[in-house]
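Mapping of the sequence shown onto our numbering: residues 635 to 1023, in sequence order. We treat Cβ as the ideally placed atom computed from N, Cα and C, and that holds for glycine. Report on the following structure.
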Amino acid sequence: MYILSMMQPLNHPTISTDEAVRPTHVEVDLNRLRENYQAIRRHVAPAKIMPILKANAYGHGMVRIARAMEELGTDYIGVAVLEEGILIRKAGVRLPILVLGGIVGNQVPHFLKHGLTITASSLEKLRQVNEAADAMGVTARVHLKIDTGMERIGVHYYSAQSFLETSLKCRHVQVEGIFSHFAGSDSADLTYARLQLERFLEVLHFFEKRGIPAPPLRHMANSGAILQMPEARLDLVRPGILLFGVYPTREVPRSVAVKPVLSWKSRVVYYKIIKPGHPVGYGSTWKSDHPVRAVTVPVGYGDGYFRSMSHHVHVLIRGRKYPVVGTISMDQIVVNIESDSAFNDDEVILIGESGRESVHCEDLAEWAGTIPYEVLTNINTRVPRIYKQ
Ligand SMILES: *Cc1c(COP(=O)(O)O)cnc(C)c1O
635 MYILSMMQPL NHPTISTDEA VRPTHVEVDL NRLRENYQAI RRHVAPAKIM
685 PILKANAYGH GMVRIARAME ELGTDYIGVA VLEEGILIRK AGVRLPILVL
735 GGIVGNQVPH FLKHGLTITA SSLEKLRQVN EAADAMGVTA RVHLKIDTGM
785 ERIGVHYYSA QSFLETSLKC RHVQVEGIFS HFAGSDSADL TYARLQLERF
835 LEVLHFFEKR GIPAPPLRHM ANSGAILQMP EARLDLVRPG ILLFGVYPTR
885 EVPRSVAVKP VLSWKSRVVY YKIIKPGHPV GYGSTWKSDH PVRAVTVPVG
935 YGDGYFRSMS HHVHVLIRGR KYPVVGTISM DQIVVNIESD SAFNDDEVIL
985 IGESGRESVH CEDLAEWAGT IPYEVLTNIN TRVPRIYKQ
């Protein structure tokens, strides 16, 4: 019951695409997604690729993106939590799926039932997996998680030896992979990232010293490392945000050319003239000293259009930039078009391109005081996703 109720919000967005008549919507360009994927593939070959599709595929719609990845013949899919893996399985995707996050014991049978690969992040969890697999008469597919300096989950690099020893003895577990995660592969200073990689490689020496083959999938590289640490590619890389055409930070070299997959659009639903001195919106935080033309657009923080962007953000209408004025409401914003013209039904670009202008999710991140990852993952299920082939 718990799993079922957890799955509802992911599985059944409030507004499904066949009812997508709401003017506010997200457009996902599957062509660009494919181009980005191929660009990453060429860049990292012969390493394999595990696209990371957690958090509704960074807001792009997890199941649809998983299917696109399967069509592209990707090697593996990565997600953060069990329910995400189950949803992708239930959609009929047969690719191997690694759940990257930490688990609790009673989740293990669900992993096994749905053929999902488990992250073993401690000795105790490894034993739990082994026992559950034994009880169910199956072999569990596992990747071992080594903590090289993130201090989230995983066995510390300095105590990994007994963890690896134990993994060799678990008869109901197939250790297919071993991985770690960078805390700062996307910054200009790679000192700590290099130290983390060194620690991971040292842990991997265990297998050489024992004269046994290492697990076939050794992996550590996220988008930042794919872009600027070729030595971290190992057997497989785990791109998330880069796949969606967004660079993780402004500092990283753009060594793989990718383009944004997601646009966020709406339409003008109201036009009026605002008199001088007449304030706009909650808290009456903005007014003009001269008459202005303004339009209302049906999007707000209830869709994930951060309220903290108020007084900084602009949108594009008819290829021109205009500021949002007053505070952002839950469902509506007001845009000042000064003395220009705009009409009901005109397209409004919140993220995307129009004429020579563009608004990137990096811009929204800056206005909201956050990172592009949070902008993408916050566009919620009230906003229908429309897929462009
Ligand atoms: C989210 C995540 C990634 C992908 O990170 P990006 O910076 O989006 O490429 C890779 N590995 C793990 C373990 C993650 O949690």
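Distance from the CA atom of His948 to the CA atom of Thr961, rounded to whole angstroms, is 13 Å.
In this structure, His924 has its CB at a distance of at least 6 Å from all heavy atoms of ligand 1.
The closest CA to that of Ala754, considering only Glu765, Gly736, Lys747, Ala767, is found on Gly736. The alpha-carbon of Val763 is positioned some 30 Å away from that of Arg698. Within 10 angstroms of the beta-carbon of Gly811 lie 16 or more other beta-carbons, which makes it buried.
Under the DSSP assignment, Ala855 falls in the beta strand (DSSP E) whose first and last residues are 851–855.
Judged by their CB atoms, Val713 and Ile752 are not nearer to each other than the 7 Å cut-off. Taking the CA atoms as reference points, Phe841 sits about 19 Å from Glu865. The Cβ neighbour count for Met964, taken over all protein chains shown within 10 Å, is under 16; the residue is labelled exposed. Distance from the C-beta of Gly989 to the nearest heavy atom of ligand 1 is not below 6 Å. If you draw a straight line from the Cα of Arg927 to the Cα of Val914, it is about 12 Å long.
Gly911 is positioned such that its CB atom lies no closer than 7 Å to that of Lys893. For Ser900, the enclosing beta strand (DSSP E) starts and ends at 896–901.
Look at Arg844 here: in three-state DSSP terms it is helix.
Within the same chain, Cβ atoms closer than 6 Å to the Cβ of Leu798 are found at Phe840, the five residues on either side in sequence being excluded. With respect to Ile985, Trp898 sits close: the two C-beta atoms are nearer than 7 Å. Comparing C-alpha distances from Thr1015 to each of Val968, Tyr826, Val933 shows the shortest one belongs to Val933. For Ala767, the closest of Leu750, Lys779, Ile780 by C-alpha to C-alpha distance is Leu750. Here the alpha carbons of Gly693 and Pro887 stand approximately 24 Å from one another.
For Leu667, the enclosing alpha helix (DSSP H) covers residues 664–678. Judged by their CB atoms, Ala822 and Glu765 are not nearer to each other than the 7 Å cut-off. About 21 Å separates the CB atoms of Val902 and Asp997; that is not less than 8 Å, and the two are not in contact.
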